[in-house]
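Sequential numbering from 9 applies to the sequence shown in my numbering.
We put the CB at the ideal spot given by N, CA and C, even for glycine.
Worksheet: one structure, shown below.
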Amino acid sequence: MQSLVISIMGKDKPGLVDSLAKCVYKHEGNWQGSSFAHMAGMFTGFVEVHVADENKQGLIDALDAIKDLSVQSVAVANSENSNTTKLTVDVMGNDKTGIVQELTSVLNQFNLNILTFASHCESAPNWGSLIFKAKAEIAVPEDFDDGALQDSLESLANDLVVDITAKR
């Protein structure tokens, strides 16, 4: 079996995921996981599919033919490292320009790999501003000091709340 990572983007409308799922099913692919989002009127996301080598090119061609959807696919070798410790980092604070760059810079200073990252802003009527919220899953070495990471993240702003939980 070959692992394919498929990214998609198109103007949002009903049936986009169904079109993708039908292609995968028709070519006997096994849908492993996915993440989709709606942003600024666009629908975007990615899917990991396992497919037999003899069906791979047919699936890629069928995906490329889906109308009104930009599709890219990359064949990858399975490189999952199950021995890695994962931390979930939840961050909340007043929104400001550059907050994502500041957060990712701290993670980079600790040489950490971001596995997933999701963020959004929401109205905070009582505060009169937007609240920034982010959740990241990161891979860390087994003996990693998450207290030092929490201190570094919290030092970015006096109103930043950081919660770190481990998945060992």
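query	result
In three-state terms, what does DSSP make of SER160?	helix
If you check the beta carbons only, do VAL97 and ILE14 fall under 8 Å apart?	no
Measuring only from the beta carbon, is LYS21 closer than 7 Å to any heavy atom that is part of the ligand SAM?	For the ligand SAM, the structure offers nothing, since it holds no ligand at all.
Kindly identify the DSSP beta-bridge partner or partners of GLY53.	ILE16, PHE44
What distance in whole Å lies between the Cβ atoms of VAL82 and LEU12, which are believed to be in contact at a cut-off of 8 Å?	7 Å
If you follow the beta strand (DSSP E) that LEU168 is in, where does it begin and where does it stop?	Neither: LEU168 is in no beta strand (DSSP E) and is coded neither H nor E.
Work out the CA separation of HIS35 and LEU67 for me, nearest whole Å.	6 Å
Mind pulling the beta strand (DSSP E) runs of 3 or more residues that sit fully within the region 65-152?	78-84, 93-102, 121-132, 137-148
Go to ALA29, then tell me how far its alpha helix (DSSP H) extends in each direction, as first and last residue.	24-34
Rank LEU123, MET17, ASN121 by C-alpha distance to the C-alpha of SER78 and give the top, closest one.	MET17
I think VAL55 touches TRP39, with their Cβ atoms under 8 Å apart; what is that distance to the nearest whole Å?	6 Å
Would the region 117-132 count as touching the region 141-153 if we require 3 or more Cβ pairs under 8 Å?	yes
Can you tell me which of VAL170, ASP20, ASP167, VAL148 puts its alpha carbon nearest to the alpha carbon of LYS94?	VAL148
Starting from the Cα of GLY101, find the closest Cα among GLU150, ASN134, ASN166, LYS19 and give me that residue.	ASN166
Taking the alpha carbon of GLU150 as the point to measure from, which residue in ILE107, ALA174, PHE51, GLY37 has its own alpha carbon closest?	ALA174
Using the Cα positions of GLY106 and SER137, report the straight-line distance between them to the nearest angstrom.	16 Å
Evaluate LYS64 with the Cβ neighbour count: other Cβ atoms within 10 Å of its Cβ, from every protein chain shown; 16 or more gives buried, anything less gives exposed.	buried
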